[in-house]
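In the numbering used here, the protein residues as written are 18 to 111.
Working notes for the structure below.
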Amino acid sequence: MIFYACVKSQPNNINSYKGIEVSTLGNPTDVVARFESYDPLEDFRNFVSWSESVGDDNVGFCDSLKSFAKQYEDISENDSHQMLSMVYGEHFEC
18 MIFYACVKSQ PNNINSYKGI EVSTLGNPTD VVARFESYDP LEDFRNFVSW SESVGDDNVG
78 FCDSLKSFAK QYEDISENDS HQMLSMVYGE HFEC
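In structure tokens form, the structure reads like this:
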């Protein structure tokens, strides 16, 4: 089974963050995991840990993960860099 992860928020509005939601590929209403805490960095950590447990190759990412993490630079450049590197490794600048 392939999973697809997206950040739930309004585009270009960091304050509308509602967590990371994982659904099955092709069926966005079939939510299999949700990471929603007070701290987006912690949600990214929990999501990455979860994705490692199901197999990284089985999890795809919406562009919203990268765009939210880049926008988070306005709040914390260090946290933003950590989020990007957790999900995209050294390729997050591509």
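All C-beta atoms in this analysis are idealised placements derived from N, C-alpha and C, irrespective of residue type, glycine included.
Quick caveat, the model's predicted, so the values are computed rather than measured.
Legend entry - Best match in Gly-36, Asp-91, Thr-41 and Phe-78 for proximity to Phe-52 [C-alpha to C-alpha]: Indexing the sequence shown from 1 puts residue 52 at position 35. Out of Gly-36, Asp-91, Thr-41 and Phe-78, Gly-36 has the C-alpha closest to the C-alpha of Phe-52.
Legend entry - Validate contact between the segment 35-50 and the segment 86-93 using beta carbons, cut 8 angstroms, 3 pairs: no
Legend entry - Per DSSP, cross-strand counterpart(s) of Val-48: As a position in the sequence shown, residue 48 is number 31, starting the count at 1. Ser-40.
Inset, instruction - Tell me whether Gly-106 sits in a helix, a strand or coil according to DSSP, three-state version. - result: In the sequence shown, the residue the question calls residue 106 occupies position 89. Three-state DSSP puts Gly-106 in a helix.
Legend entry - Segment contact flag, the segment 93-105 with the segment 72-85, C-beta cutoff 8 angstroms, min 3 pairs: yes
Inset, instruction - Grab the span of the beta strand (DSSP E) containing Cys-79 for me, first residue to last. - result: Walking along the sequence shown from the start, residue 79 turns up at place 62. Segment: none, Cys-79 is in no beta strand (DSSP E) and carries neither H nor E.
Inset, instruction - Write down the C-beta distance between Tyr-21 and Ser-40 rounded to the nearest angstrom, noting that I regard them as a contact closer than 8 angstroms. - result: By 1-based counting over the sequence shown, the position of residue 21 is 4. By 1-based counting over the sequence shown, the position of residue 40 is 23. With a Cβ gap of about 6 angstroms, Tyr-21 and Ser-40 count as contacting.
Inset, instruction - Please name the residue in Glu-69, Phe-61 and Asp-91 whose C-alpha comes closest to that of Cys-23. - result: For the purposes of this step, residue 23 is identified with residue 6 of the sequence shown, where counting begins at 1. Looking at the Cα atoms, Phe-61 is the closest of the given residues.
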